[in-house]
Amino acid sequence: MSEAFILLSSPPTIFVQDEIRGFADKVIDPWASEAPQSTIESKAHSVRAIINCNSRLSINAEYMQSFPKLEFIASHGVGYDNIDAVWAAQNGIMVTNTPDVLTEDVADLAMGLLLSTVRMVPQADRFVRSGGWRKGPFPLSASLQGRRIGIVGLGRIGRAIARRAEAFDIAISYHGRQRQAHVDYDYYADLLSMAKDCDILIVAAPATPLTRHIINAEVLKALGPTGVLINVSRGSLVDEDALIQTLTSGTISAAGLDVYEDEPNVSATLIDLQNVVLLPHIGSATTNTRKAMAQLVAANVRAWLSGHDPLTPVPECSGF
Ligand code: DGY
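For what it's worth, the numbering used here labels the leading residue of the sequence shown as 80, then goes sequentially.
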């Protein structure tokens, strides 16, 4: 039997484990061993493909160079900011991700987080559980009605959020690199101008060097004292220190976060704040979506194994 050559670079999800059974003889699973890191190092010269389920594993040039025969990376997730896809493309390494299959669940969660944040749903739940209701009524919250939402990044997920926001009768604007054809929402080329005209920002743009800390102190201040920030993208888009400062000083009203700058280490100051709703990066974390993501990862690997084009190459590699 020939040596296995598809490395699981992080512990696989249970659905990925199921999906890769069909080519299990080709898979190197270091996570079953006592010392995964030394197994990875001892097999490095056999590795031609990587399946990665950990969006925090930095797959940079140095990491990829440690596998001299590397040709293919199947990433489990739509965001792939942890992978240097430009370097991969320049060095003939194909990278795939899992777009589309998670769009609706992430958009649902964004709306849930928005409602939870504005109407203080988790705070109200804590109030009932702690017996607060017996002593008096829960404080009045802000309303979603009459608000103006600015979506930062009108890609697949941003558009799915906008569709849902339409049903709530909320005015919608968006900011992105370019105005989109056939889209009626107000477009802002300048994020600060959009923040001045809106009081809710929902961050749905991908993490890139260009989008790092685009939500900064100035943008947050422009949202104003009723301002709400929702982030379902990646923590790196928001300057978290500036966010904490504006939440603490009342410069903005509240925030709902699914993602953070240093996951899973959420700042203790954020945890202490009562005007934030904190989720543990669960946008795509439903059984259906995680199954679909695993199926897409495996379908991309099978395409590569049989010499076909992968189904969902990342844009940097789509010219291969
Ligand atoms: C994604 O797919 O990018 C989700 O945020 C999980 O990492």
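Beta carbons are placed, not taken as given, at the ideal position from N, Cα and C, and that holds for glycine. Just so you know, these numbers come straight off a predicted model, no measurement behind them.
Pro394 versus Leu219: straight-line alpha-carbon distance, rounded: Cα to Cα, Pro394 sits roughly 46 Å from Leu219.
Cβ pair Lys300, Thr330 closer than 8 Å: Contact flag set, yes.
Completely contained alpha helix (DSSP H) runs for the segment 300 to 362, where each covers 4 or more residues: Considered as a whole, the segment 300 to 362 harbours 319 to 328 and 347 to 351 as its complete alpha helix (DSSP H) runs of no fewer than 4 residues, in chain order.
Assigned exposure category for Glu120 - 16 Cβ within 10 Å defines buried: Around the C-beta of Glu120, fewer than 16 other C-beta atoms lie within 10 Å, and the residue is accordingly described as exposed.
Distance between Ser252 and Met273 (C-alpha atoms, nearest Å): Here the C-alpha atom of Met273 lies approximately 7 Å from the C-alpha atom of Ser252.
Nearest-angstrom Cα separation, counted from Cys396 out to Ser81: One alpha carbon belongs to Ser81, the other to Cys396, and they sit about 29 Å apart.
Completely contained beta strand (DSSP E) runs for the segment 153 to 221, where each covers 3 or more residues: DSSP runs (the beta strand (DSSP E)) wholly in the segment 153 to 221: 173 to 175.
Bounding residues of the alpha helix (DSSP H) (the contiguous stretch that carries Gly237): Its alpha helix (DSSP H) spans residues Arg235 to Ala246.
Per-residue DSSP class, three states only, for Pro115: Helix, per DSSP.
C-beta atoms of Arg313 and Val345 nearer than 8 Å: For Arg313 and Val345, no; Cβs fall outside 8 Å.
Residue nearest to Pro109 in terms of C-alpha spacing, selected from Phe102, Val262, Gly225 and Pro90: Nearest C-alpha to Pro109 among Phe102, Val262, Gly225 and Pro90: Pro90.
Sequence-distant residues of the same chain with beta carbon closer than 6 Å to Arg291, five excluded per side: Taken in chain order, the residues that qualify are Ser315.
Heavy atom of ligand 1 within 7 Å of Leu181 beta-carbon: It does: the Cβ of Leu181 is within 7 Å (strictly closer) of some heavy atom of ligand 1.
Sequence-distant residues of its chain with Cβ nearer than 8 Å to Ala334 (five each side left out): Cβ within range, chain order: Thr196, Val307, Leu308, Ile309, Asn310, Leu322, Leu326, Asn354, Val355 and Val356.
Cα-Cα separation between Arg238 and Glu245, rounded to whole angstroms: One C-alpha to the other measures close to 11 Å.
Test item: CB-CB of Ala373 and Glu141 under 8 Å: The answer is no: Cβ separation not under 8 Å.
Whole-angstrom C-beta distance between Arg369 and Thr92, which should lie under 8 Å: The Cβ separation is near 6 Å, so the contact holds.
Enclosing beta strand (DSSP E) for Asp265 [first to last residue]: Asp265 to Tyr267 is the span of the beta strand (DSSP E), which, as asked, contains Asp265.
Whole-angstrom distance between Ser154 and Ser328, CA atom to CA atom: Their Cα atoms are separated by approximately 40 Å.
Proximity test, Val157 beta-carbon vs ligand 1 heavy atom, cut-off 7 Å: For Val157, the distance from the CB to the nearest heavy atom of ligand 1 is below 7 Å.
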